[in-house]
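Residues in the sequence shown are numbered consecutively from 1, following the UniProt record's numbering.
For every residue, glycine included, the Cβ atom is placed at its ideal position computed from N, Cα and C.
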Amino acid sequence: MTPATSAPTRVTTYGELAARARAGELGPDPAAQRISVAFTTRQAVRHDGRGTGYRNEVLSLRLAEAVGSCAVEPGTLSDSAVDDCAGADVARLLDHPLLPVRVAALDAYLAHISPHTPGNGARPVPLPAGTSLEKSRARARAVVELLDLPPGATVLVVGVVNSLLEALRARELGYVPCDLKGGVTEWDETVATDALSEAERCDALLVSGMTLGNGTFEPLRQHALRHGKQLVMFAQTGSAVLPRFLDSGVSAVCAEPYPFFWLEGGPGTVHRYRADRPGDAR
Numbered sequence: 001m002t003p004a005t006s007a008p009t010r011v012t013t014y015g016e017l018a019a020r021a022r023a024g025e026l027g028p029d030p031a032a033q034r035i036s037v038a039f040t041t042r043q044a045v046r047h048d049g050r051g052t053g054y055r056n057e058v059l060s061l062r063l064a065e066a067v068g069s070c071a072v073e074p075g076t077l078s079d080s081a082v083d084d085c086a087g088a089d090v091a092r093l094l095d096h097p098l099l100p101v102r103v104a105a106l107d108a109y110l111a112h113i114s115p116h117t118p119g120n121g122a123r124p125v126p127l128p129a130g131t132s133l134e135k136s137r138a139r140a141r142a143v144v145e146l147l148d149l150p151p152g153a154t155v156l157v158v159g160v161v162n163s164l165l166e167a168l169r170a171r172e173l174g175y176v177p178c179d180l181k182g183g184v185t186e187w188d189e190t191v192a193t194d195a196l197s198e199a200e201r202c203d204a205l206l207v208s209g210m211t212l213g214n215g216t217f218e219p220l221r222q223h224a225l226r227h228g229k230q231l232v233m234f235a236q237t238g239s240a241v242l243p244r245f246l247d248s249g250v251s252a253v254c255a256e257p258y259p260f261f262w263l264e265g266g267p268g269t270v271h272r273y274r275a276d277r278p279g280d281a282r
């Protein structure tokens, strides 16, 4: 099927975006769009040379040629929830009781109607083939380059990825690591758990798309908008959702639709968006 194409419509809140999609205001009737495949991807990671590891689990829904995704806490998504998505129409899933299902459905729908193309504001950035750590570092550089900050500035990092922290260190940028799971970084730095309380003392925000799936995105977006701070999103979750908030608190997005960099060792692509100059990937 040839995907529908629609220049992304900017919105002011996540609730508005979901409501407009549900009402069919952004593209074709979501009740007529059916999810053909629903699946989860689970991984455990410990890169060579790194002292710590982590686990990920992601729900993905396929709509025609597009795949929408939302990360979940490992082990929290039941098989019955996945089964419930296969064959369902998008409209029903946009009203699903589970937030990750609603986010993945919205992501699939928006990826279908507005693919990551230059015409829709995206600029592709190639990731070279390599080991899991080499690809993680390449992705991190692509993300951190979207921050326009002088050395010595402090960045709130929501969703701790050690390669991102390493890339910030290389830029001589300070950071406050934050993640709902807490813990410590590769460098034994304490990971905060309350992102909004830490945001006040930071110059910019670097935030995972996972915040869409746990309901913490909107307060961070509103903080950035209210204080005029840069908010850069790195998005496997909601890669097609978050570009809709450019100029509404989000300053840039590094979008990474499925398949993600950690799934295989060959070359890949991420797509960068900027609010000030849409599609500029400088």
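Integer Cβ distance of residue i from residue j, believed to fall under 8 angstroms
i, j, result
"leucine 77", "isoleucine 35", "That belief does not hold up - the Cβ atoms of leucine 77 and isoleucine 35 are roughly 15 angstroms apart, past 8 angstroms."
"valine 143", "valine 58", "Going by Cβ atoms, the distance from valine 143 to valine 58 rounds to 18 angstroms, so no, they are not a contact pair."
"threonine 185", "valine 158", "Not quite, the Cβ-Cβ distance comes to about 13 angstroms (not below 8 angstroms), so this is no contact."
"leucine 94", "alanine 38", "That pair is no contact at about 14 angstroms."
"threonine 13", "glutamate 218", "7 angstroms"
"histidine 96", "proline 257", "Not confirmed; about 21 angstroms, so no contact."
"glycine 213", "alanine 23", "Actually they are not in contact, since the Cβ atoms of glycine 213 and alanine 23 sit about 22 angstroms apart, beyond 8 angstroms."
"threonine 9", "arginine 274", "That pair is no contact at about 17 angstroms."
"valine 45", "valine 270", "18 angstroms between Cβ atoms; not a contact."
"glycine 209", "glutamine 236", "6 angstroms"
Identity of the residues DSSP links to residue i by a beta bridge
i, result
"leucine 127", "Gly268"
"glutamine 43", "Asn56"
"alanine 140", "None, per the DSSP bridge assignment."
"tyrosine 273", "Val253"
"arginine 22", "None, per the DSSP bridge assignment."
"arginine 34", "Asp89"
Check whether residue i and residue j have beta carbons under 9 angstroms apart
i, j, result
"alanine 204", "leucine 156", "yes"
"leucine 263", "threonine 40", "no"
"serine 69", "glycine 238", "yes"
"alanine 255", "alanine 122", "yes"
"glycine 215", "leucine 99", "yes"
"threonine 190", "leucine 180", "no"
"alanine 32", "aspartate 83", "no"
"leucine 246", "leucine 206", "no"
"alanine 153", "alanine 108", "no"
"serine 114", "alanine 240", "yes"
"arginine 137", "glutamate 172", "no"
"arginine 221", "glycine 249", "yes"
"valine 101", "alanine 81", "yes"
"arginine 169", "phenylalanine 234", "no"
"glycine 27", "histidine 112", "yes"
"arginine 141", "valine 176", "no"
"alanine 91", "aspartate 29", "yes"
"lysine 135", "glycine 228", "no"
"threonine 223", "leucine 242", "The displayed chain sequence assigns histidine, not threonine, to residue 223. No, the Cβ-Cβ distance between histidine 223 and leucine 242 is not below 9 angstroms."
Practice item. Any chance you could list the alpha helix (DSSP H) runs of at least 4 consecutive residues sitting entirely within the UniProt domain "Putative heavy-metal chelation" (143–253), in chain order? Key: Within the UniProt domain "Putative heavy-metal chelation" (143–253), the complete alpha helix (DSSP H) runs of at least 4 residues fall at 162–170, 195–199, 210–214, 217–227.
**Study point:** In chain order, each beta strand (DSSP E) run of at least 3 residues that lies wholly inside the region 53–120
**Key:** Runs of the beta strand (DSSP E) inside the region 53–120: 54–63, 66–72.
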